[in-house]
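The listed protein sequences correspond, in order, to chains A and B.
Every letter in the first sequence is one number past the one before it in this note's numbering, and letter 213, counting from 1, is 214.
Every letter in the second sequence is one number past the one before it in this note's numbering, and letter 57, counting from 1, is 348.
No residue lacks a Cβ here, since even glycine has one placed at the ideal position from N, Cα and C.
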Amino acid sequence: MSKQFQFKSVSEMPMISVSLGDMEWNKTGAWRTQRPFYEDKTPPCSAACPAGNDIVAFIQKIAKGDFEGAWNIIKEENPFPGVCGRVCFHPCESKCNRGSFDEPIAIHALERFVAGFGSRLSKNTGKSGEKRKEKVAIIGSGPAGMSCAYHLARLHHDVTVFESLPLAGGMLRMGIPSYRLPREVLDRELSGIEALGVKIQTGVALGEDVRLEDLKNYRAIFISTGAHRSRGLQIPGEKEKGILGGLDLLKRMNLGKRMKLGDKIAIIGGGNTAIDVARSVIRLGKKATILYRRSREEMPAFAEEITEALEEGVKIRYLVNPIRLQQKDGLKRLECLRMELGEQDESGRRKPVPIPNSNLRIDVDHVIVAAGEEIEASFLPEGLEKKEGIVLTRRDASTGIKGVFAGGDLTSTQRTVAHAIGSGKKAAMAIDAFLEGKDTEEAIVQHLVGEGPSLSIFRYLHPGERPRNPHIVPFEELNMDYFELAKRQEESKRRVKERIRDFNEVTSTLTEDAVLEEAGRCFGCGTCNECENCYVFCPDVSILKSGGILSHQVDYDYCKGCGICFTECPRGAISLKEEAK
Amino acid sequence: MNKVKVPIAENLGHGHLACAGCGAAVAMRLTLKALGEKTVMVFPASCWSIVPGFWPYSSYKITAVHAGFVTGAATASGVRAALDVRGDDETLVAVWAGDGGTFDIGLQALSGAAERNEDLLYICNDNEGYMNTGTQRSSATPLLAWTTTTPVMQPKENPKKDIMAIMADHHIPYAATATIAYPEDLIRKLEKARSIRGTRFIHLFSPCPPGWKMPSEQTIKISRLAVRSRIFPLYEIENGRFYTIQEETRVVSVKEYLKIQGRFSHLTEKDIEMTQRNTDDAWERLQRKARC
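Shown next, in the form of structure tokens:
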């Protein structure tokens, strides 16, 4: 602190008007009417990620070339980056602010690259000797069950997973063909979870081999048995022999069972299962025709999957609906009605309306019904409340039975891998809180990403670290002056001719150069990346550094509150509030 | 996005009296970072007679010499001569004058020093008016702008004086335009100027929130829009002849620049169109010069 001079007489003054001291005594902070402060906010991608990935944090690591750091951040929230990088429908990208500027960041491709990098790192195993806290049973080894197991193991619980099928992975293995998700990727990520001490018992079915009463010595149970039963069409002839459900067909193929299939195959439905079946059938050298009762716009399958299917020679007939199925000498005849689109239904899509007397017949060798899946309720324990085809859970994933939690496709109509992973994580947090005697709902509410429903288990494990205001940064709060247009890096795909010959993966991982470039495109919404604009442009030398690094502190003794740092922050990581009067 | 790199040294201290969001304070801070402590800076009357503090205080960490309004370049010539007598050829002699002290009141002294090719770096901090005394017009005030002496009923009737053309025609070794939204460009030009002998001139464009009637947090934004709209293009002139333009790829209309400033709020669509035409015209002339 510099001093102010008090001259008692002229003789004390210097002979010429030379300055004697600095102005540090003049605390210009007193002028301030508004106060800037550093505050990381929530990027729209993370808030949109059902699995709760801290997307900007891992992309910033990639941008610095720290792939291991990126891997560690992803693994805090999600044990399945290799799976998600391939099969997730990436809602994060549709919410990406960069989409309002040029094109969204290829987040899934970055995640996929990091997963590939991480697979080459040595595994942090050897925790088997560690003393575990409580025994928890998980029924179902799909993405929900395994995500729950992973996080509970990280929370030091003793976890056993029961799986009815001979192999673990649930829908990831049974429902997703290997050209989308290579089995070695799935196996690697499952074994990564086992390496944390999670035990998996396959071939043990709930209700048959094990009952809820047999699991008395487990302090908590998580049920995530999925939705595996193919939903029917409710038309005459459907129950006849030789009519297969879409998922049943995929399951057989994925369990390596042989099947006899004719040449011409009709697939009924417009969802991802229908597309997966059609593309698989094409790979077996057959002709696949999808029959869908609405138009392409209303198809619930992901747009990119539809495009790839069409490229591969899958035919799609829109606006036809089967009303009867007949069989003669192994041949199948589908009687259909043409449809037209009417009013919007409760799903927001236009409803198909039959055109009277528009009957047409389609002759095929096989009919696969892929009109959706539903849960199998017969083996579920009594006391679980069900409604509209799902098991009801509370906000903390708990059910009507004390200590029994449920998640995944069983409890939701949003049946995606990412939602399943997120619900498993939620249950893990709730189960840990339950076992610790804490308020489970509170545990969930306290760790939402943005306004939820995404959750951060990192924040549950590390209270106070990487704090973020739940405010989701919109495009308007970013400063585009600091960004140049740049093309999105796309993953390359195998040529159609080659890829329909086998079940090998269609898309390939980005190169390291492409990944660095793509990560450099990220705006980093709401997250300081030390670009130092605030420091460079401060007229009052009031942005503090320590040891040459931004300290994220403002010198309020001198900051006049002009707001330049707030405006020039490219990513909305500085807030401004009115100074208390 | 890359980190902006500026020298670490801080040669402007806390507690100075610049208004909140002062563009010139950003300019001064960056300039003193670039020029370093071994600098004597001469200040003819301007905001910078008071901004660093009043006697007996100063927030500069360099040697500052305050001078009369007309005498910036003349005083600097004298300081240079005195240092030469002492055999100090390391210390840089610079002038920091406002547009009033350069375009108007200090022009003859500047012209004289430039004609003699005095070894000094003359920085004109242009905020387009006499802002320190209450926003009177100067010959740097743009056409149609409001000031207290060119009120809305009768806004400025004359276009801004082309100081760069005047300096180029003195055939000085180096002249450049710069502004705070481009700190790396500003610092590069200052460092380049520092390395040259003879008269060097930097036309430094610094938005003034109170004088331009704009919010204090928009200072950098306006500085950038001035370049993007080509109201204030960035370029260098060597030996009065060789022009190099630092072209901004993202071009915006002058309207984008004008509309956030209260001093232009009275402009009609026609006025804006005329400003656009004048700007396009000046840009074309500049490009022609750069091509020769």
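Leaving out five residues before and five after residue i in sequence, what residues of the same chain have Cβ atoms less than 7 Å from its Cβ?
| i | result |
| --- | --- |
| A/GLY127 | Because the pLDDT at A/GLY127 is just 47, under 50, the model does not fix this residue reliably, and the point stays unresolved. |
| B/TYR421 | GLY391, GLN427 and SER429 |
| B/GLU448 | none |
| A/VAL497 | GLU312 and GLU313 |
| B/ILE522 | VAL545, TYR548 and THR570 |
Starting from residue i, trace the beta strand (DSSP E) in both directions and tell me its first and last residue.
| i | result |
| --- | --- |
| A/GLN72 | The sequence given here has Trp at residue 72 of chain A, not Gln. That residue, A/TRP72, is in no beta strand (DSSP E); its alpha helix (DSSP H) goes 68-78. |
| A/LYS258 | That residue, A/LYS258, is in no beta strand (DSSP E); it is neither H nor E in DSSP. |
| A/TYR219 | Looking at the DSSP string, A/TYR219 is not in any beta strand (DSSP E), and its letter there is neither H nor E. |
| A/ASP159 | 159-164 |
| A/GLN328 | 321-329 |
| B/ALA355 | 354-357 |
Taking Cβ positions only, does residue i come closer than 7 Å to chain B?
| i | result |
| --- | --- |
| A/PRO540 | yes |
| A/VAL555 | no |
| A/THR29 | yes |
| A/THR568 | yes |
| A/VAL537 | yes |
| A/PHE504 | no |
| A/SER547 | no |
| A/TRP41 | Just to set this straight, residue 41 of chain A is Asp in the shown sequence, not Trp. Output row for A/ASP41: interface = no. |
| A/GLY127 | Legend: pLDDT at A/GLY127 = 47, less than 50; position of this residue unreliable, no value from coordinates given. |
| A/SER20 | yes |
| A/ARG482 | The sequence as given places Asp at residue 482 of chain A; Arg does not occur at that position. Yes, because at least one Cβ of chain B sits closer than 7 Å to the Cβ of A/ASP482. |
| A/ILE276 | no |
| A/MET1 | In the structure as shown, chain A starts at 2 and stops at 582, and residue 1 of chain A therefore has no counterpart that could be examined. |
| A/LYS561 | yes |
| A/ILE575 | no |
| A/GLU1 | Look at the range of chain A in this structure, 2 to 582, and you will see that residue 1 of chain A is not part of it. |
Quick one: is residue i near chain A, going by C-beta distance under 7 Å?
| i | result |
| --- | --- |
| B/ALA311 | yes |
| B/PRO474 | yes |
| B/ALA655 | What is shown of chain B runs 292 to 583, which leaves residue 655 of chain B out entirely. |
| B/ALA431 | no |
| B/PRO347 | yes |
| B/GLU508 | yes |
| B/GLU328 | no |
| B/GLY359 | no |
The alpha helix (DSSP H) that contains residue i, what's its start and end?
| i | result |
| --- | --- |
| A/GLU478 | Neither: A/GLU478 is in no alpha helix (DSSP H) and is coded neither H nor E. |
| A/LYS426 | 418-436 |
| A/HIS109 | 108-119 |
Please work out which residues of its chain come closer than 8 Å, Cβ to Cβ, to residue i, disregarding the five sequence neighbours upstream and downstream, and give them in chain order.
| i | result |
| --- | --- |
| A/GLU104 | LYS488 and ARG489 |
| A/SER17 | A quick correction: the sequence has Ile, not Ser, at residue 17 of chain A. Correct list: empty, nothing qualifies. |
| B/TYR351 | ASN302, LEU303, GLY304, LEU323, MET332 and PRO343 |
Whole-angstrom Cβ separation of residue i and residue j, contact assumed at under 8 Å?
| i | j | result |
| --- | --- | --- |
| A/SER20 | B/SER349 | 4 Å |
| A/LEU311 | A/ILE317 | 7 Å |
| A/LYS586 | B/ALA311 | What the structure shows of chain A is the stretch from 2 to 582, and residue 586 of chain A is not part of that stretch, so it cannot be assessed. |
| B/GLU475 | B/ALA325 | Wrong, their Cβ atoms sit about 10 Å apart, outside the cutoff. |
| A/ALA431 | A/ASP397 | 4 Å |
| B/TYR413 | B/ARG515 | 25 Å between Cβ atoms; not a contact. |
| A/ARG253 | A/GLU375 | At roughly 19 Å, the Cβ-Cβ gap does not stay under 8 Å, so A/ARG253 and A/GLU375 are not in contact. |
| B/GLU527 | B/ALA573 | Actually they are not in contact, since the Cβ atoms of B/GLU527 and B/ALA573 sit about 17 Å apart, beyond 8 Å. |
Between residue i and the rest of its own chain, which residues show a CB-CB distance below 6 Å, the 5 nearest in sequence each way excluded?
| i | result |
| --- | --- |
| A/VAL199 | ALA150, ALA154 and VAL160 |
| A/GLU135 | HIS158, ARG220 and LEU436 |
| B/THR366 | VAL333 and ALA358 |
Checklist entry - For the 8 Å Cβ check, are there 3 or more pairs between the segment 223-238 of chain A and the segment 130-145 of chain A? => result The answer is yes - the segment 130-145 of chain A touches the segment 223-238 of chain A, with three or more Cβ pairs under 8 Å.
Next on the checklist: For the pair the segment 300-318 of chain A and the segment 265-278 of chain A, tell me if three or more CB-CB distances fall below 8 Å.
Outcome noted: Touching, per the Cβ criterion.
Next on the checklist: Whether or not the segment 303-312 of chain B and the segment 377-390 of chain B are in contact is what I'm after, with contact meaning three or more pairs of Cβ atoms, one per stretch, closer than 8 Å; do they touch?
Outcome noted: no
Next on the checklist: Pairs of beta-carbons, one from the segment 370-379 of chain A and one from the segment 244-251 of chain A, closer than 8 Å: are there three or more?
Outcome noted: Taking 8 Å as the limit for Cβ pairs, the verdict is that the segment 244-251 of chain A does touch the segment 370-379 of chain A.
Item to check | Inter-stretch contact (C-beta, 8 Å, three-pair minimum) for the segment 144-157 of chain A and the segment 406-425 of chain A | outcome: yes
Next on the checklist: Pairs of beta-carbons, one from the segment 180-195 of chain A and one from the segment 80-88 of chain A, closer than 8 Å: are there three or more?
Outcome noted: yes
Checklist entry - Counting pairs of Cβ atoms below 8 Å between the segment 456-475 of chain A and the segment 273-285 of chain A, do you hit three or more? => result no
Checklist entry - Would you call the segment 57-77 of chain A and the segment 21-33 of chain A in contact, with 3 or more CB pairs under 8 Å? => result no
Item to check | Sufficient close CB pairs (3 or more, under 8 Å) joining the segment 288-298 of chain A to the segment 497-513 of chain A | outcome: no
Checklist entry - Is it true that the segment 375-393 of chain A meets the segment 359-367 of chain A, where meeting means three or more beta-carbon pairs spaced less than 8 Å apart? => result Using a Cβ-Cβ distance cut-off of 8 Å, the segment 375-393 of chain A and the segment 359-367 of chain A are not in contact, since fewer than three pairs of beta carbons, one from each stretch, lie closer than that value.
Next on the checklist: For the structure I just gave you, are there three or more beta carbon pairs, one from the segment 523-541 of chain B and one from the segment 461-479 of chain B, closer than 8 Å?
Outcome noted: Result yes; three or more Cβ-Cβ pairs closer than 8 Å.
Checklist entry - Would you say the segment 565-577 of chain B touches the segment 545-555 of chain B, given that touching needs at least three Cβ pairs under 8 Å? => result Remark: three or more beta-carbon pairs, one from each stretch, lie closer than 8 Å, so the segment 565-577 of chain B and the segment 545-555 of chain B are flagged as touching.
Checklist entry - Does the segment 384-392 of chain A come within contact of the segment 40-53 of chain A, defined as at least 3 CB pairs closer than 8 Å? => result no
Next on the checklist: Would the segment 367-375 of chain B count as touching the segment 433-452 of chain B if we require 3 or more Cβ pairs under 8 Å?
Outcome noted: Not touching, per the Cβ criterion.
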